[in-house]
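S.K.:
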Ligand code: 5AD
Ligand code: SF4
């Protein structure tokens with residue numbers, strides 16, 4: 001197993017999510033999701049489209065007539081995981097389920113297209129991220145004709161804004177709300193602009209209506225999602241709403257609703273947005289601010305459009321406007337041409353910023369990207385691995401020290417459910433996005449609880465409820 005899969009990557013799913021509720025309908029679909037939060041949100045849209053199309057949803061592979069896998073293409077090992085799963089499904093089909101249809105959805109579908117059908121003969125259905133409305137028709141076609149069906153057209157408009165997601169795997173407390181799709185940034189290492197297409201923003205009214213409905217259903221937290229939420233913009237002729245204004249408007253729906261967002265690009269993080277964090281109590285004091293690297297020349301090769309110094313200035317500005325705000329980041333180890341010195345700049349930037357959390361990856365070359373075409377993937381695997389280990393070790397130490405500094409402080413925790421380890425404890429997140437565990441007492445899911453921190457690990461705060 002590679003290091004990558006051993007580290008906790010909160011932005012991704014370690015364990016794929018499977019459809020859990022049964023929706024009625026004669027033909028049953030089993031839907032499995034890999035990848036980022038955006039994919040989880042997309043699967044909720046897919047579930048809704050399928051239900052409207054008369055299909056049922058099942059959590060049991062044994063009763064599935066159709067297996068759909070919503071995939072991720074961001075790193076090679078993400079694709080390998082899906083390939084292994086597809087092979088399992090094919091074996092299942094051969095072992096007595098000849099009529100079972102297998103479909104690949106999402107980023108891998110977009111990247112590999114007909115290749116999945118023609119060369120590898122792995123699947124019956126290939127559907128890209130902008131073609132989910134077409135799923136019922138494509139499934140019907142494949143069932144009627146026995147032929148494979150494909151739609152990988154990318155759109156400049158599709159935001160699925162009128163589709164009410166079915167939150168089939170929800171804890172009933174916290175929900176994802178997709179606000180934009182695609183990415184125009186073209187970071188040189190990243191395949192997302194090719195798999196998810198051009199950036200487009202969903203209408204303000206449909207976003208607010210969805211958040212309103214979530215509040216009415218008892219949800220207490222929304223995480224608004226996009227590949228690059230900070231460049232959200234909707235409207236025309238001097239009547240546009242930008243991301244800061246959108247977050248502000250969502251936060252005004254209810255003081256009981258916490259607002260988070262993911263993921264942002266440092267180049268677009270505005271002072272207006274930082275002021276919304278400061279002024280709106282229910283906009284969480286936490287920003288995921290992916291730096292990717294700590295060296296300016298490397299950032300240039302990555303086409304990130306900021307230097308180390310500009311990034312550090314942004315961190316200072318953020319902390320001066322919103323004192324105590326928690327920061328997390330994404331870091332890539334071993335990108336093309338990286339020297340020991342450049343790698344050390346990443347470590348020194350981490351020591352300067354002292355992130356609360358980080359998602360850390362080994363560079364994986366992706367076909368079709370600028371880096372693949374222009375640079376050599378020349379850092380040996382072993383070197384990538386040892387640099388990543390150094391980065392992870394440093395981050396664990398910083399996370400632990402930051403958490404130790406929380407001992408004795410008080411936090412408001414939104415309870416998400418029982419603790420995974422102990423049934424008599426609850427777990428939830430603090431405003432600054434730290435996982436907090438404490439004795440259940442009389443509290444339950446969806447409660448806001450004041451907790452004093454008494455102990456910690458590098459990943460979790462341990463506390464006790466403050467009574468009275
Ligand atoms: N190799 C390794 N990590 C990558 N990421 C994106 N593309 C690659 C790649 N080719 C990481 C970036 C991004 C996160 C979602 O995934 O850090 O922010
Ligand atoms: Fe990929 Fe860069 Fe867009 Fe993020 S901002 S999705 S890393 S191209």
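Residue numbers (my numbering): 1 to 468. The beta carbon of each residue, even a glycine, is placed where N, CA and C say it ideally should be.
#1: Count the other CB atoms, across all protein chains shown, that sit within 10 Å of the CB of residue 98; report buried if there are 16 or more and exposed otherwise.
#2: Label residue 293 either buried or exposed according to how many other C-beta atoms from any shown protein chain fall within 10 Å of its C-beta, with 16 as the threshold for buried.
#3: Is any heavy atom in ligand 2 found nearer than 7 Å to the beta carbon of residue 265?
#4: Can you grab the Cα-Cα spacing for the pair residue 104 / residue 230, in whole Å?
#5: DSSP three-state call for residue 350: helix, strand or coil?
#6: According to DSSP, is residue 290 helix, strand or coil?
#7: Which of the three DSSP states, helix, strand or coil, is assigned to residue 394?
#8: Does DSSP put residue 456 in a helix, in a strand, or in coil?
#9: Out of 443, 356, 444, 405, state which residue places its alpha-carbon closest to the alpha-carbon of residue 433.
#10: For ligand 2, which residues have a Cβ under 6 Å from at least one heavy atom, in chain order?
#11: Under the assumption that residue 28 contacts residue 58 (Cβ atoms under 8 Å), give the Cβ distance between them as a whole number of angstroms.
#12: Using the three-state DSSP reduction, which class does residue 26 fall into: helix, strand or coil?
#13: Restricting to runs no shorter than 4 residues, where is the alpha helix (DSSP H) found entirely within the segment 46–121?
#14: Whose C-beta lies closer than 6 Å to the C-beta of residue 363 among residues of the same chain, with five residues either side of it excluded?
#15: So, is residue 142 buried or exposed, given that buried needs 16 or more other C-beta atoms within 10 angstroms?
#16: What's the gap between the Cα of residue 85 and the Cα of residue 68?
#17: Inspect the beta-carbon positions of residue 107 and residue 149 and report whether they are closer than 8 Å.
#18: Out of curiosity, what's the CA-to-CA distance linking residue 152 and residue 188?
#19: By the 10 Å Cβ neighbour count, where 16 or more other Cβ atoms means buried, how is residue 160 classified, buried or exposed?
#20: Could you tell me which of 406, 192, 213 sits nearest to residue 163, measuring between CA atoms?
#21: To the nearest angstrom, report how far apart residue 258 and residue 277 are at their CA atoms.
#22: Any heavy atom of ligand 1 closer than 7 Å to the Cβ of residue 74?
#23: Start and end of the alpha helix (DSSP H) containing residue 321?
#24: Can you give the Cα-Cα distance for residue 209 and residue 379, rounded to whole angstroms?
#25: Output the distance between the C-alpha atoms of residue 468 and residue 450, rounded to the nearest integer angstrom.
#26: Any heavy atom of ligand 1 closer than 7 Å to the beta-carbon of residue 176?
#27: Considering only residues of the segment 109–181, which uninterrupted beta strand (DSSP E) runs meet the minimum length of 3 residues and lie entirely inside it, listed in chain order?
M.R.: This is what the structure gives:
#1: exposed
#2: buried
#3: yes
#4: 30 Å
#5: helix
#6: Coil at residue 290, not helix or strand.
#7: helix
#8: strand
#9: 356
#10: 183, 185, 186, 187, 190, 192, 193, 227, 228, 265
#11: 4 Å
#12: In the structure shown, residue 26 sits in coil (DSSP, three-state: anything other than H, G, I, E or B).
#13: Counting only runs of 4+ residues, the alpha helix (DSSP H) found wholly inside the segment 46–121 occupies 76–94, 107–112, 114–118, in chain order.
#14: 332, 334, 335
#15: buried
#16: Rounded to the nearest angstrom, the two C-alpha atoms are 11 Å apart.
#17: no
#18: Between the alpha carbons of residue 152 and residue 188 lies a distance of about 23 Å.
#19: buried
#20: 213
#21: Cα to Cα, residue 258 sits roughly 11 Å from residue 277.
#22: yes
#23: 308–321
#24: Counting only the Cα atoms, residue 379 lies some 49 Å from residue 209.
#25: Cα to Cα, residue 468 sits roughly 10 Å from residue 450.
#26: Of the heavy atoms belonging to ligand 1, none sits nearer than 7 Å to the Cβ of residue 176.
#27: 125–127, 149–151, 174–178
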